[in-house]
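Right, one structure below, let's go through it.
2 protein chains.
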Amino acid sequence: MADGTAKYAPPENSAVDPVDFETAGAEAKPELRLWLRLLTCTTMIEAEIRQRLRAEFGVTLPRFDLLAQLDKAPDGMTMSALSQHLMVTNGNVTGLVERLVAEDLVTRTPDPQDRRSQIVALTRIGRRSFEAMAAAHEGWVSDLFDGLDPAETAQLMRLLTVTKRSVGATIGRTATKKARNVPR
Amino acid sequence: MADGTAKYAPPENSAVDPVDFETAGAEAKPELRLWLRLLTCTTMIEAEIRQRLRAEFGVTLPRFDLLAQLDKAPDGMTMSALSQHLMVTNGNVTGLVERLVAEDLVTRTPDPQDRRSQIVALTRIGRRSFEAMAAAHEGWVSDLFDGLDPAETAQLMRLLTVTKRSVGATIGRTATKKARNVPR
DNA sequence: CGTAATCATTTTAACTCTAAAGCATCTCGA
DNA sequence: TCGAGATGCTTTAGAGTTAAAATGATTACG
């Protein structure tokens, strides 16, 4: 950020205090204000984590996310599985994996069982790198949430579980997928 | 999405249920699980809104967000103000505004007071288009959150306010900005 | 006044991401 | 068995995005 504009993390002398989407006044529906607040929280946290990953480990957030998925799959995962768990497109994963292979952090090997598939797995270096990042990451996240006491943390978790279920139900209900294999 | 992979909104026959980042087991710190849950909720909602904006209005989410900011500023905003409120870089706004100008949804005029600045404002078409989108958008958001009763909505809002404050404080505390005008 | 610092914006390079189309492989039922 | 549809992945074109540097304009101040 060579220019003067604070992008993430507005400096303490910022005129606009916590700058964010939430210009929606009190006249807006509560659900809309809730969504904007949710989005603001996520964006702020994401920006902070992105910046720290870059500054301290020279890694981008998408790469970190991908490594995190692989770390939990000792035998590796297919491209599709990665795509689903990361909630991004297949094409996106293709490029991401390519770059990580070039950095020797992951391997990509054909699946002998299914010649369409590629199995992606962490290299030894990849795993070691990720472990260092993950430890720091967990600390950052703790710091960011340290204004919540344990009861609030638990309560927020509960409400987000309800939210996730609500969103999932609404999406499922309105989904207009072609193949509706499941009989209604 | 011509391929068979559900990107957003996994179809009801998905094998992995609500596919998301949250492979983190119970062994992880509560704050980390909370953050992953928060991220999942936001990503799911964002994906759904993005898809509907595209399907029903042929507009992308970043463009919608930019229009939303302008809608609340009858006299327009500078590029910097947009950048701050949208929490994206200046360069990003430059390109976004360029495309919206090409679509006749916004205007960009030099600020007579300050020749460095550009004032961006909605055109009449832009405002009318946005109003239609905003109405639909508000309805979508309501639907997505309709699994929460009013008390839960209020409670979640309260906890996110605490979260936002916590994140803001942590970021402010650890910010290593060059110009620290405010005396410690 | 003059100049250094600041500020608003654009530019650049590299990366991330989506949506859609295309190719190869697999599955399964007639 | 064989062909249609489903599946796994890549490719393509375009948009969005960041970080960093560059440009031009303003402000502060000595």
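As you go down the protein sequences, you meet chains E and D in turn.
So for the first sequence, the working numbering puts the first residue at 5; every next one is plus one.
So for the second sequence, the working numbering puts the first residue at 5; every next one is plus one.
A virtual CB, placed ideally from N, CA and C, is assigned to each residue, including glycine.
Given the structure is predicted, the values throughout are model-derived calculations rather than measurements.
Assuming residue i contacts residue j (C-beta within less than 8 Å), just tell me the rounded distance between them.
i	j	result
residue 163 of chain E	residue 156 of chain D	6 Å
residue 144 of chain E	residue 56 of chain E	6 Å
Take residue i and list the residues in its own chain whose beta-carbon comes closer than 7 Å to its own, dropping the five residues that flank it on each side.
i	result
residue 86 of chain D	70, 73, 97 and 124
residue 63 of chain E	57 and 137
residue 166 of chain D	none
residue 173 of chain E	none
residue 99 of chain D	none
Please confirm whether residue i and residue j have their CB atoms less than 8 Å apart.
i	j	result
residue 127 of chain E	residue 113 of chain E	no
residue 149 of chain E	residue 35 of chain D	yes
residue 101 of chain E	residue 83 of chain E	yes
residue 228 of chain D	residue 109 of chain D	As displayed, chain D neither begins before 5 nor continues past 188, which places residue 228 of chain D out of reach and without an answer.
residue 65 of chain E	residue 54 of chain E	yes
residue 58 of chain E	residue 161 of chain D	no
residue 46 of chain D	residue 90 of chain E	no
residue 33 of chain E	residue 121 of chain D	no
residue 140 of chain E	residue 60 of chain E	yes
residue 171 of chain D	residue 48 of chain E	yes
residue 52 of chain E	residue 175 of chain D	yes
Based on DSSP bridge pairs, tell me the residues matched to residue i.
i	result
residue 53 of chain E	Answer is none; residue 53 of chain E lacks a bridge partner.
residue 81 of chain D	D:124
residue 189 of chain E	As displayed, chain E neither begins before 5 nor continues past 188, which places residue 189 of chain E out of reach and without an answer.
Enumerate in chain order the residues of its own chain whose CB-to-CB distance from residue i is below 6 Å, with the five nearest sequence positions on each side excluded.
i	result
residue 19 of chain D	Because residue 19 of chain D sits at a pLDDT of 33, beneath the cut-off of 50, its placement in the model cannot be relied upon, and the following sentence gives the value as read from the coordinates. None.
residue 134 of chain D	71 and 75
residue 77 of chain D	none
residue 168 of chain D	none
residue 115 of chain D	121 and 123
To which residues of the same chain is residue i closer than 8 Å at the C-beta, ignoring the five residues directly before and after it?
i	result
residue 50 of chain E	65
residue 178 of chain D	none
residue 103 of chain D	67
residue 94 of chain E	83, 84 and 87
Checklist entry - In the region 152 to 167 of chain E, which residues sit with their C-beta less than 8 Å from some C-beta in chain D, listed in chain order? => result 152, 154, 156, 157, 158, 159, 160, 161, 163, 164, 165, 166 and 167
Checklist entry - Looking at chain E, which residues of the region 134 to 148 of chain D have a Cβ within less than 7 Å of any of its Cβ atoms? => result 142, 145, 146, 147 and 148
Checklist entry - Going along the chain, which residues of the region 34 to 55 of chain E sit with their C-beta nearer than 8 Å to a C-beta in chain D? => result 34, 35, 36, 37, 38, 39, 41, 42, 43, 44, 45, 46, 47, 48, 49, 50, 51 and 52
Checklist entry - Of all the residues that make up the region 96 to 124 of chain E, which are near chain D by a beta-carbon distance shorter than 8 Å? => result none
Item to check | Residues from the region 55 to 72 of chain D in contact with chain E, defined by Cβ distance under 8 Å | outcome: 69 and 72
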